[in-house]
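Comments concern the structure below.
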Amino acid sequence: MSSPVANRRRTAQRPGDRIFSSSALIAGSLILAILAAVAGFLLLEGIPGVTADPETVSIFEEGVDFTGFVIPLIFGTLWAAFLALVMALPLAIGIALFISHYAPRALAAGLGYIIDLLAAVPSVVFGLWGANVLAPAIQPSYTWLAENLGWIPLFAGPASGTGRTILTAAIVLAVMVLPIITAITREVFLQTPRLYEEAALALGATRWEMIRTVVLPFGRPGIVSGAMLGLGRALGETMAVAMVLSASGVITFDVISSVNPSTIAANVALRFPEAYGINVNVLIATGLILFAITLVVNSIARYIVNRRKDFSGAN
Amino acid sequence: MSTATKTPQPIVNVYSAGRLPRFTPIMVLAGSFLLSSIAFALIAAASPDGEFNLVAVLVVTAVLYTIITYVGSRLVEGPRRAADRLVTTLVVGAFLIAMLPLVSLVITVISQGSGRIDLDFFTLSMRNVLGEGGGAAHAIIGTLMMTGVATLISVPIGLMTSIYLVEYGRGRLAQAITFLVDVMTGIPSIVAGLFAFALFELLLGPGTRVGLSGAIALTVLMLPVVVRSSEEILRLVPNELREASYALGVPKWLTILKVVVPTSIAGISTGVMLSIARVIGETAPLLIAAGFSNNFNFSLTDGRMQSLPVYVYYSYISQGTDFAPYIERAWAGALTLIAIVMALNLIARLIARIFAPKLGR
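Shown next as structure tokens:
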């Protein structure tokens, strides 16, 4: 007859348990390994591109080294993502409020699903739509902006004849990040305590005053992290920009002219298929920079999300 | 004496005084639409091309409606209610504006893409095709093979990782994995492609582009989504079920395999479906890692492999002098792609609805 202590020890050492728990552990550690591999292989292949003699790199223009090559791209990446965010954020907050506090209850879930459909459209389709439908449709308004508001540096012009400017690319990006920001802000608006809302209404607040004093302050972390996650997506988005933008590696704040800065991701997508030799390493190095930028942005977003554990952007 | 000075007063309803009637917004909307239609009809009649600009009518209607409602409400109801009405208008407007690209995109893709949805498109490759004809069968097969392999790799790893996080993981390692999964969610798709390319270049020599490389790139993108969704579903399994199983003397691993996973299998498959839907439309990583090709390729380890998104992209950027058939093929590919993604989404939601765990309350 065995003692209970011996029994417990035997149950703790079942072979099935050990195999299963260690394979779960291995799978978990594999995630660490994959992420380390992503960083490691990019570093291995990217560093030769940074240290290469500029003379040997054929995609550099005369007298330009790696820094001179990558800075306009970083500028373009940040600028396009910033423009997209400026357009998408107010719209996303509006949509989230509409779904959470304005739309009839029966419709709200369906409307949320329609917005989610936007997230399901592949980026290449957005690119095709942006280049073939949006750019020609929006071009006349660029001409108008250049003629009437040309004194604002943003619209200095001359207006692009094709409409394939960084503003068009940013509009497409805005449409693409809209569902991400909307999903997170909607989630947190819905979590506003019912009692607070009712208390505000009972004190005589109008619906907008209730939203301003209760819902928006409560949802501020959600708005910030949603915006950061949207920013991360916009920074890394490739195809839509590559297909819509006609880029020429300059730094300019003019958003409607035919001379536009490119983005890191779009530049890689456009040049990589034909790249050879050291050019490949240069492009991989720019990819590494993009990885670092999105890593910082996403980590900040995650930090803000994790301070409030109740909601997460990944679902 | 005071009663003598009383004069008959009109009866005032305190609940509706100082408020606009309920039907005001609709009347104002109809009025502004009428007004701007008339204005633009006159402009159209006066201008040489005589075109009626419907977009401008709608824009002017929206602006007129916003201004009239705000001013009218401010005069009758005061600034607070006016602000409320203004915000309501803006919020509804935001939703309608977001609908524009979706509606425009769906209409364009269907109208432009349906022209080439025929038998050839689904049975032929682009081998020796210049101009008209040709199809996307090689791209569809490539997409299915690469996405399939990516699914085969990432579902077991992802599922086991989520089991680790929910059932076993405590302490620093679990925290680190959770954080890194979040980080992985944010990897730009093109960086995943560059990683797979760099990996295969170091392993198999410079410029290697094979289907397996594309599958690895997709795995990097798919894995965090699978982990996240399965983790969330596994956490929903009530602890009472686990405890009941332990109480019957069932070991932990069998509890997980026979109780926890079956309970949440519907949610897990929904998550897997959605993650497939997410990666099946990825273009950039496949363009980098698997390249493009005009031929059928049934081998993941030998030669470049075409995929449907890259097919769409390539048809668009490499239009010949006779560009119409290329654009037609691009739209047809886009329509096929959207149809596949929507079907996956629909199936995922159906699974979730039909097999939803019945957590009695």
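Which chain is which? The protein sequence lines are A and B, in order.
For the record, in the first sequence the residue sitting at position 141 is 141 according to our numbering, with numbers rising by one throughout.
For the record, in the second sequence the residue sitting at position 200 is 200 according to our numbering, with numbers rising by one throughout.
For each residue, glycine too, the CB sits at the ideal point set by N, CA and C.
Owing to the predicted nature of the structure, the values given are computational and were not obtained by experimental measurement.
Proximal residues to residue i (C-beta, below 7 Å), its chain only, five neighbours per side dropped
| i | result |
| --- | --- |
| S189(B) | L221, E282, A284 and P285 |
| S36(B) | V57, V60, T61 and L64 |
| S248(A) | V259 and N260 |
| L178(A) | A88, L91, A92 and L118 |
| L245(A) | R164, I166, A169, N260, S262 and A266 |
| V250(A) | P72, V259 and P261 |
| L218(B) | M146, T147, A150, V279, E282 and P285 |
| A82(B) | Y70, S73 and R74 |
Chain A contact for residue i (CB, 8 Å cutoff)
| i | result |
| --- | --- |
| G214(B) | no |
| Y65(B) | no |
| Y114(B) | Residue identity differs from the one stated: residue 114(B) is Ser in this sequence, not Tyr. No - not a single Cβ of chain A is within 8 Å of the one on S114(B). |
| N345(B) | yes |
| V149(B) | no |
| I97(B) | yes |
| I276(B) | no |
| L223(B) | yes |
| S293(B) | no |
| L202(B) | yes |
| T88(B) | yes |
| M366(B) | This structure cannot speak to residue 366(B), because chain B is shown only from 1 to 361. |
| T362(B) | Residue 362(B) lies beyond the range of chain B shown here (1 to 361); nothing can be said about it. |
Alpha-carbon spacing of residue i relative to residue j, whole angstroms
| i | j | result |
| --- | --- | --- |
| V272(B) | S29(A) | 21 Å |
| V282(A) | G46(A) | 6 Å |
| A387(A) | I114(A) | Residue 387(A) is absent from the structure shown; chain A starts at 1 and stops at 315. |
| R329(B) | L300(B) | 25 Å |
| G133(B) | A27(A) | 47 Å |
| A199(A) | A205(A) | 9 Å |
| A215(B) | P101(B) | 31 Å |
| V71(B) | R349(B) | 45 Å |
| L203(A) | L195(A) | 12 Å |
| D84(B) | E209(A) | 7 Å |
| L223(B) | G112(A) | 26 Å |
| M176(A) | V55(B) | 23 Å |
| N306(A) | E231(B) | 16 Å |
| A146(A) | A240(A) | 25 Å |
| N239(B) | V259(B) | 11 Å |
| P48(B) | S141(A) | 20 Å |
| S125(B) | R116(B) | 14 Å |
| G222(A) | N279(A) | 41 Å |
8 Å Cβ shell around residue i - same chain, five flanking residues per side excluded
| i | result |
| --- | --- |
| I347(B) | M273 |
| E201(B) | G207 and T208 |
Cut-off 6 Å between Cβ atoms - residues of its own chain near residue i, not counting five sequence neighbours on either side
| i | result |
| --- | --- |
| F60(A) | P54 and F69 |
| Y311(B) | A136, A139 and G333 |
| S293(B) | R304 and Q306 |
| A96(A) | T182, T185, R186 and F189 |
| G291(B) | R209 and R304 |
Residue-chain proximity (residue i, chain B), Cβ-Cβ < 8 Å
| i | result |
| --- | --- |
| G16(A) | yes |
| T294(A) | yes |
| R307(A) | no |
| P273(A) | yes |
| M87(A) | no |
| W144(A) | no |
| F218(A) | no |
| F20(A) | yes |
| V215(A) | no |
| T51(A) | no |
| F291(A) | yes |
| N148(A) | no |
| M1(A) | For M1(A), the pLDDT reaches just 42, beneath the cut-off of 50, and the residue's location in the model is therefore unreliable, although a value from the coordinates is still provided. Chain B, which has no Cβ nearer than 8 Å to the Cβ of M1(A), makes this no. |
| T238(A) | yes |
| R105(A) | no |
Per-residue contacts from residue i into chain C (C-beta, under 9 Å)
| i | result |
| --- | --- |
| V261(B) | Checking the listed chains, one finds no chain C in this structure; the protein chains it contains are A and B. |
Near the ligand COA: residue i beta-carbon under 7 Å from a heavy atom
| i | result |
| --- | --- |
| P221(A) | Ligands displayed in this structure: none; no statement on the ligand COA is therefore possible. |
**Prompt:** Are three or more beta carbon pairs between the region 162-173 of chain A and the region 80-93 of chain A nearer than 8 Å?
**Reply:** Between the region 162-173 of chain A and the region 80-93 of chain A there are three or more inter-stretch CB-CB distances shorter than 8 Å, so the stretches are counted as touching.
**Asked** Okay, do the region 271-285 of chain A and the region 31-50 of chain A touch, 3+ Cβ pairs below 8 Å being the bar?
**Response** The region 271-285 of chain A, when compared against the region 31-50 of chain A, does touch it at the 8 Å Cβ threshold.
**Request:** Evaluate the contact criterion for the region 222-229 of chain A versus the region 177-194 of chain A: three or more CB pairs, one atom per stretch, below 8 Å.
**Result:** As far as the Cβ criterion goes, the region 222-229 of chain A touches the region 177-194 of chain A, which means the pair count is three or higher.
**Message:** Tell me whether the region 153-163 of chain B and the region 267-278 of chain A touch, counting them as touching only if at least three CB pairs, one residue from each stretch, are closer than 8 Å.
**Reply:** A contact between stretches requires three or more CB pairs, one per stretch, nearer than 8 Å, and the region 153-163 of chain B fails this requirement with the region 267-278 of chain A.
**Asked** Can at least three beta-carbon pairs, one atom from the region 185-201 of chain A and one from the region 96-105 of chain A, be found at a separation below 8 Å?
**Response** The region 185-201 of chain A makes contact with the region 96-105 of chain A: 3 or more CB pairs, one atom from each, lie closer than 8 Å.
**Message:** I'd like to know if the region 167-182 of chain B and the region 16-27 of chain A are in contact, where contact means that at least 3 CB-CB pairs between them fall below 8 Å.
**Reply:** By the Cβ criterion, the region 167-182 of chain B is in contact with the region 16-27 of chain A, since at least three pairs of Cβ atoms, one from each stretch, lie closer than 8 Å.
**Asked** Considering only residues of the region 184-268 of chain A, which uninterrupted alpha helix (DSSP H) runs meet the minimum length of 4 residues and lie entirely inside it, listed in chain order?
**Response** If you keep only unbroken alpha helix (DSSP H) runs of at least 4 residues inside the region 184-268 of chain A, you get 194-202, 207-210, 216-236 and 239-244.
**Prompt:** Which runs of the alpha helix (DSSP H) spanning at least 4 residues fall entirely within the region 148-185 of chain B, listed in chain order?
**Reply:** Runs of the alpha helix (DSSP H) inside the region 148-185 of chain B: 171-185.
**the region 288-304 of chain A in contact with the region 176-188 of chain B per 3-pair CB rule at 8 Å** = With the cut-off at 8 Å, the region 288-304 of chain A and the region 176-188 of chain B touch.
**Asked** Which runs of the alpha helix (DSSP H) spanning at least 4 residues fall entirely within the region 50-93 of chain A, listed in chain order?
**Response** Fully enclosed alpha helix (DSSP H) runs of 4 or longer: not present.
**Asked** What runs of the alpha helix (DSSP H), each 4 residues or longer, lie entirely inside the region 199-252 of chain B?
**Response** Within the region 199-252 of chain B, the alpha helix (DSSP H) runs of at least 4 residues that lie entirely inside it are, in chain order, 211-236 and 239-247.
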